[in-house]
Each structure stands twice: as C-alpha cells, then as structure tokens.
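A.B. asks: Just so you know, the protein sequences line up as chains A and B, in that order.
If you read the first sequence in my numbering, its first letter stands for residue 120, the second for the next number, and so on.
If you read the second sequence in my numbering, its first letter stands for residue 120, the second for the next number, and so on.
2 protein chains.
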Amino acid sequence: MSRGIVVVASSRAGKPSRRAAQRESTLLEIRREGRRRLVSEGEAGVTLRPIARALGLTAPALYRYYASRDDLLLDLIADLYAELTEGMERASAGPLPQDLAARTVAVTWEFRRWARANPREFQLVFATPVGTGEDSRTERLDACGQRFGRVYQTLFAEIWQRAPFPIPADDDLDPRLRAQLATWAADNDIPLPLGALAMFLGCWVRIYGLISLEVFGHLGFALEDVTPMYDAMMAELGARLGLPWRAEFGCPEPG
Amino acid sequence: MSRGIVVVASSRAGKPSRRAAQRESTLLEIRREGRRRLVSEGEAGVTLRPIARALGLTAPALYRYYASRDDLLLDLIADLYAELTEGMERASAGPLPQDLAARTVAVTWEFRRWARANPREFQLVFATPVGTGEDSRTERLDACGQRFGRVYQTLFAEIWQRAPFPIPADDDLDPRLRAQLATWAADNDIPLPLGALAMFLGCWVRIYGLISLEVFGHLGFALEDVTPMYDAMMAELGARLGLPWRAEFGCPEPG
DNA sequence: ACACTCTGCATACACTGTTCACTCATGTCA
DNA sequence: TGACATGAGTGAACAGTGTATGCAGAGTGT
Numbered sequence: 120m121s122r123g124i125v126v127v128a129s130s131r132a133g134k135p136s137r138r139a140a141q142r143e144s145t146l147l148e149i150r151r152e153g154r155r156r157l158v159s160e161g162e163a164g165v166t167l168r169p170i171a172r173a174l175g176l177t178a179p180a181l182y183r184y185y186a187s188r189d190d191l192l193l194d195l196i197a198d199l200y201a202e203l204t205e206g207m208e209r210a211s212a213g214p215l216p217q218d219l220a221a222r223t224v225a226v227t228w229e230f231r232r233w234a235r236a237n238p239r240e241f242q243l244v245f246a247t248p249v250g251t252g253e254d255s256r257t258e259r260l261d262a263c264g265q266r267f268g269r270v271y272q273t274l275f276a277e278i279w280q281r282a283p284f285p286i287p288a289d290d291d292l293d294p295r296l297r298a299q300l301a302t303w304a305a306d307n308d309i310p311l312p313l314g315a316l317a318m319f320l321g322c323w324v325r326i327y328g329l330i331s332l333e334v335f336g337h338l339g340f341a342l343e344d345v346t347p348m349y350d351a352m353m354a355e356l357g358a359r360l361g362l363p364w365r366a367e368f369g370c371p372e373p374g
Numbered sequence: 120m121s122r123g124i125v126v127v128a129s130s131r132a133g134k135p136s137r138r139a140a141q142r143e144s145t146l147l148e149i150r151r152e153g154r155r156r157l158v159s160e161g162e163a164g165v166t167l168r169p170i171a172r173a174l175g176l177t178a179p180a181l182y183r184y185y186a187s188r189d190d191l192l193l194d195l196i197a198d199l200y201a202e203l204t205e206g207m208e209r210a211s212a213g214p215l216p217q218d219l220a221a222r223t224v225a226v227t228w229e230f231r232r233w234a235r236a237n238p239r240e241f242q243l244v245f246a247t248p249v250g251t252g253e254d255s256r257t258e259r260l261d262a263c264g265q266r267f268g269r270v271y272q273t274l275f276a277e278i279w280q281r282a283p284f285p286i287p288a289d290d291d292l293d294p295r296l297r298a299q300l301a302t303w304a305a306d307n308d309i310p311l312p313l314g315a316l317a318m319f320l321g322c323w324v325r326i327y328g329l330i331s332l333e334v335f336g337h338l339g340f341a342l343e344d345v346t347p348m349y350d351a352m353m354a355e356l357g358a359r360l361g362l363p364w365r366a367e368f369g370c371p372e373p374g
C-alpha cells in the first residue's frame, strides 16, 4: 500500500505551477507540525486531526499528501535520522581533515548530543526491534542507516590507512566471525583487514551501548552524570586506535 | 491517580473468601491474556475490549481490576521484567557456585536469550527513554531494575573477591568519574575498589550494547549471525576479569 | 470555454480509553 | 433470617483515533 501518493507534475517547463508550489508548501507545513508533535509528545502524539487543524484543514485532507499515518510518521522519523547524519557529517568536516582524533571526537559528540536532545527519536531509530511495522519502514530506515554508518566507516578507514593500529591477527579470530567479516568486507569493498573490522564493530558497540544506556536512564543507578565516563571511554578508544589524544577532547560542560 | 484499586479484604480468618478467590482468578486471567497480546502484538496490541471479550467480560469491567490501561500495561511489563531477572538468577545458580566463569556465561546467555525471544519487551524495559509515561511507571520499573542489576553486581563482586583482576588505579581515573564511583560505592556499601566499579560499568556497556544492537537489527549491515561476535566478546571480558575460560562456553547453536 | 485533475470537506465506520448510572449477586452484621 | 453494604459487571455515552467514500470547487492545459 503506502505508495498511493503521486507527486504532482509540474507544468511542462521547469517552473513549478502555482498548484505544485502550494502543494509543496502545505506538505512542508504538515511535516513541520508533525515533527513538532513527534519531538514534543512522542510517536503517539502524531495524530492526524490536530495536525490538520493546526493548518486549517481536516483530517481526510492529509490523505492527499500521505497514504496513511504510518507513512507520515515514517517520513518524520527519516527526516530526523537524516538530520542526525548530516549533523555528524558536518561535525566530521569541521576540524582539519588530517586531524582524525578531533574529527572522531566531534562526530561522536554530535551523535551523543543528538541522542540526548531527541531521546524518543533515538529510540525510534536506534532501539526499535526489526520486523516491527511494515517492510517499507524497515526498508526506508535501512537506507538512512547506511548513510549513517558510512560516516563512521569512512572515518575509521581513514584512521587505519593513515596509521595502522594494533589489531588481532586473522588467526586469532573465531573462524565463524572471520568468515562473516570477510563477506562483509568483500561485499562492500572495504579495504581493511578483518581484525580492524572486528575492532570497528567493538568500538561501535561501546559507543552505542554507552549512549543508549545514558539516554534510556540505565546508568542512573551508578552515575549521575555520564559525561566523565563517556570521556574516559572515548579516550580509551582513541588510545586503541592510535589517535593522539588531547586534553581539550574532554567535555567541560556538565550533564 | 493510578492507585484506585484496593485489594479486597479476605474474610477475617486466613482463608480467602469465595469472592476474593474469584477476583484473584480473573486478575490472573486478565494478565495472562494481556501478556499474550503484549508479546505477540506489542504494546499497542494491549487493548481493553479484546482482552475483556476473551474472558467473557466487557471493557469497563476491567476497571475493577486496573485503574487504567497504563496500569495494566505496567503490570505486564513488570511481570516480564521480573521473569527475566528470575531466569538470570536461576542461571546463576545452575553451575557450581565456585565456577564463576560458567555462572557469568550462563547469566549473560540467559539475558541474551530473553532479549531475543522478547524483543518488544526488551525495548520497553531496556530501551525506553526515562521520563516517558508517568512517574509511577519509572518508579515501579526502577524497583525491577534494581533487582536485575543485583544479579550482575553480586556476581561481579564474587569474581573480584575470589581473585582480583587488573584494574585501573584510582589516580588513573578521571576525578569526576572517581567521585561518582565513590558516591555509588558508599551509598550501596559496595566493597569494591573504584577501578573495579569502572570495569563493571564497562562490561555492562558492552554486554548491553551488543545485545541491543543485535535485537534491534543494527548489526545486520555487517554480521548475519551475532553469536560469534558475542562469544568473542564474552571471552574477552572473561579474560579481563581473570576468569578461566573454557571452550564449551562458546554457543554451538547458530542464529 | 471546455475537460480534467487535484484539493479539501462532510460524512460515516470501526475502533480506542474512560466515565457514569444502574443491576444483581455476594458478604457482613444485627 | 432480614437488612444493609460492598463489589462485580453491564450498557450507554463521550471524546478521541485512523481511514474510506462521495461530492464540491478551484487550478490547469487544450
């Protein structure tokens, strides 16, 4: 289902017809309003009638723009997801290109910042079981996920290529794990040794694990403020990756 | 609100009156039916009318047992959570008490088993932002969380006390982190050095991170079957904790 | 000016959680 | 045993929800 909405054709020339412009505008308004509700009240707060009312419409009118509520929601989530990725890409491009340590810090900090600023969206994107919802959902978010993953993957590859760091030898890897890593590397043309890939996954597990635990409040039993532990983890990861760490990488701001 | 239901008084003597027994029975049926729907269709699938219909009642009747749908849901989630903890406690008690490596493996394996068998409940319990829902929710689940945490905490303390393993010195810890760990240890009478506590949190981050990523399908981009990586991680954690690892700890079964 | 498409609306349907007034069986007490 | 209170369950109703249908009117291309 879910693909019942056809993009309106613009008038033959390049300039969009008045109607197409109007459509684009209300489409934007719908997303803006929906997003506000998603962020402030969570997934359940995205309901059609209030959204429609906010722009002077009625609920069925929204079906001219989205085939279903789920479609709208998916669009909103994908938007947030894309924004996260763009933020991380910007963060990665912020420091000098050759300052890989600073770029790693900036990217991960942006990830954490976004997660803490948008806990509900973080849950929707990063902590929702697969197979929940329709396939279109999984499909679309997978596309976003690939772009997200590329940020870390390219950064990691750069780090390795600039200055290889100690990794486990292929023979030290579980044969089953080794086979999977080999498949992954081959399918995606990743020019890294298998041990480095294992290391990459290990780093991702720790970054994701710590930030998730923080966002979901599952470190409160021990830590009131996760930032010091986050800093310590990043420093350790930096050390393992052979990144020259600097004092300024620690985050001064509390909470 | 949410506490509008008073337990019916049993007749003066110990034996429950016929009515109290009946009540207990239908209460159980409600939970059983609700649980089935929660597991099979997720949080949104727990709706009053179908549950009531399943036991030959109407929806308002359920309000004699639960003050609201949220209350019922909370009960169901807490039940699942408690079952997880009990499963892990059983797993910890399975091997010989002095075989700490086997107990660690068994406990964590049970955690992973439960998470994969109940992804939706795993999300509800371990991956839902704090502050979502009412305070009673947070409160109740926190109580369950404490019991859950105790399984790992006691096991970890036993490991350390039996045979201390290398830990960072206090001076090597970030002062802010050190202070938080000290507070935590003091408030809960944990007889472990601060470095060991940092290590505990680090282990928890990795276990939680890997299992979450698996359950939420965020390792599929690289690994088809997470078990080998899980085994590798457990072996590494075991090595760090000085646990004598044995080949049989690896899980033979795929997927 | 025509025909056509697209937008939006009113209505309706089947749901949802929840409240209210009411009935009727059960339990308690004089 | 009779009187009374309690507690379980009901049907009706309310305010919501997503969604389907049919119809009006505006925008657009010929």
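Yeah, the Cβ is synthetic: ideal placement off N, Cα and C, and Gly gets one too.
Give a yes or no on whether the minimum CB-CB distance between A/ARG404 and chain B is below 8 Å.
C.D. replies: No answer is possible for residue 404 of chain A: the residues shown for chain A start at 120 and end at 374.
A.B. asks: For B/ASN307, is the classification buried or exposed, using 16 other Cβ atoms within 10 angstroms of its Cβ as the cut-off for buried?
C.D. replies: Exposed.
A.B. asks: Pairing CB atoms from the region 146–156 of chain B with CB atoms from the region 212–225 of chain B, are three or more of them under 8 Å?
C.D. replies: With a cut-off of 8 Å, the region 212–225 of chain B and the region 146–156 of chain B do not count as touching, because too few Cβ pairs lie within range.
A.B. asks: Within the same chain, show all residues whose beta-carbon is closer than 6 Å to that of A/LEU199, passing over the 5 residues directly before and after it, in chain order.
C.D. replies: Hits under 6 Å: GLU240.
A.B. asks: Classify B/LEU215: buried if its beta carbon has 16 or more other beta carbons within 10 angstroms, exposed otherwise.
C.D. replies: Flag for B/LEU215 reads exposed.
A.B. asks: Which residue marks the beginning of the alpha helix (DSSP H) containing A/TRP303, and which one marks its end?
C.D. replies: Where A/TRP303 is concerned, the enclosing alpha helix (DSSP H) stretches over 294–307.
A.B. asks: Can you say whether B/GLY357 is buried or exposed, counting buried as having 16 or more other CB atoms within 10 angstroms of its CB?
C.D. replies: It counts as buried.
A.B. asks: Which same chain residues end up closer than 8 Å to B/PRO373 when comparing Cβ atoms and leaving out the 5 residues on each side of it in sequence?
C.D. replies: Note that B/PRO373 has pLDDT 48, beneath the 50 cutoff, so the model's placement of it is unreliable and the number below is only indicative. Here the set comprises ASP344, THR346.
A.B. asks: By alpha-carbon positions, which one of A/PHE335, A/TYR185, A/ILE149, A/ARG359 ends up nearest to B/GLY250?
C.D. replies: For the residues A/PHE335, A/TYR185, A/ILE149, A/ARG359, the minimum Cα distance to B/GLY250 belongs to A/PHE335.
A.B. asks: State buried or exposed for B/THR227, treating a residue as buried only when at least 16 other CB atoms are found within 10 Å of its CB.
C.D. replies: Classification of B/THR227: buried, given that the 10 Å Cβ count is 16 or more.
A.B. asks: Okay, do the region 251–271 of chain A and the region 182–199 of chain A touch, 3+ Cβ pairs below 8 Å being the bar?
C.D. replies: Yes: at least three Cβ pairs fall under 8 Å.
A.B. asks: Taking the alpha helix (DSSP H) that A/GLY314 falls in, what are its first and last residues?
C.D. replies: Looking at the DSSP string, the run of the alpha helix (DSSP H) that includes A/GLY314 is 313–334.
A.B. asks: What do you get for B/THR247, buried or exposed, if any count of 16 or more other CB atoms within 10 angstroms of its CB means buried?
C.D. replies: So B/THR247 ends up on the buried side.
A.B. asks: Using a Cβ-Cβ distance under 8 Å, would B/PHE340 count as near chain A?
C.D. replies: Judged by the 8 Å Cβ criterion, B/PHE340 is in contact with chain A.
A.B. asks: Straight-line CA distance for B/SER130 to A/PHE340?
C.D. replies: Residue placement at B/SER130 is poorly supported in this model, since its pLDDT is 39, which falls under 50; the coordinates still yield a value, given next. B/SER130 and A/PHE340: Cα-Cα distance of roughly 42 Å.
A.B. asks: How big is the Cα-Cα spacing for B/ARG137 and B/PRO169?
C.D. replies: The straight-line gap from Cα to Cα measures roughly 27 Å.
A.B. asks: Evaluate A/ALA236 with the Cβ neighbour count: other Cβ atoms within 10 Å of its Cβ, from every protein chain shown; 16 or more gives buried, anything less gives exposed.
C.D. replies: Burial call: exposed.
A.B. asks: Is it true that the region 313–332 of chain B meets the region 324–335 of chain A, where meeting means three or more beta-carbon pairs spaced less than 8 Å apart?
C.D. replies: Segments in contact, yes.
A.B. asks: Can you give me the C-alpha to C-alpha distance between B/TYR349 and A/PRO287, rounded to a whole angstrom?
C.D. replies: Approximately 16 Å, taken between the alpha carbons.
A.B. asks: Can you give me the Cβ contacts of A/PRO322 inside the same chain, cut-off strictly under 6 Å, excluding the 5 residues immediately before and after it?
C.D. replies: It is worth fixing the name first, because residue 322 of chain A is Cys in this sequence and not Pro. LEU356, listed in sequence order.
A.B. asks: Nearest by alpha-carbon distance to B/GLY206: which of B/ALA139, B/LEU338, B/PHE267 is it?
C.D. replies: The residue with the shortest Cα to Cα distance from B/GLY206 is B/PHE267.
A.B. asks: Residues in the same chain with beta-carbon distance under 8 Å from B/LEU342, minus the five sequence neighbours each way, listed in chain order, please.
C.D. replies: If we look at B/LEU342 and ignore the five residues flanking it on each side, its Cβ neighbours are MET348.
A.B. asks: Please work out which residues of its chain come closer than 6 Å, Cβ to Cβ, to A/ALA178, disregarding the five sequence neighbours upstream and downstream, and give them in chain order.
C.D. replies: Excluding positions up to five away in sequence, the list reads LEU167, ARG168, ALA171.
A.B. asks: Note the first and the last residue of the continuous alpha helix (DSSP H) segment covering B/PHE241.
C.D. replies: Where B/PHE241 is concerned, the enclosing alpha helix (DSSP H) stretches over 238–245.
A.B. asks: Mind checking if A/THR145 is an interface residue toward chain B, Cβ cutoff 8 Å exclusive?
C.D. replies: For A/THR145, the answer is no, since every Cβ of chain B falls outside 8 Å of its Cβ.
A.B. asks: Given that a residue counts as buried once 16 or more other Cβ atoms are within 10 Å of its Cβ, and exposed if not, what is A/GLN299?
C.D. replies: Its Cβ being crowded by 16 or more others within 10 Å, A/GLN299 is buried.
A.B. asks: Can you list, in chain order, the residues of its chain with a C-beta nearer than 7 Å to that of B/ALA301? Leave out the 5 residues immediately preceding and following it.
C.D. replies: The answer, listed in chain order, is LEU313.
A.B. asks: At the level of alpha carbons, what is the spacing between B/PRO283 and B/ILE309?
C.D. replies: Each residue's alpha carbon lies about 15 Å from the other.
A.B. asks: Can you list, in chain order, the residues of its chain whose CB lies under 6 Å from that of A/THR204, leaving out five sequence neighbours each side?
C.D. replies: Around A/THR204: ARG266, PHE267.
A.B. asks: If you draw a straight line from the C-alpha of A/ALA366 to the C-alpha of A/GLY175, how long is it?
C.D. replies: Going from the Cα of A/ALA366 to the Cα of A/GLY175 covers about 54 Å.
A.B. asks: Return the chain-ordered list of same chain residues with a C-beta closer than 7 Å to the C-beta of A/GLU277, the five sequence neighbours on each side being excluded.
C.D. replies: For A/GLU277, where only same-chain residues beyond five positions count, the Cβ hits under 7 Å are LEU219.
A.B. asks: Within 10 angstroms of the Cβ of A/GLU160, are there 16 or more other Cβ atoms? Answer buried if so, exposed if not.
C.D. replies: Per the 10 Å Cβ criterion, exposed.
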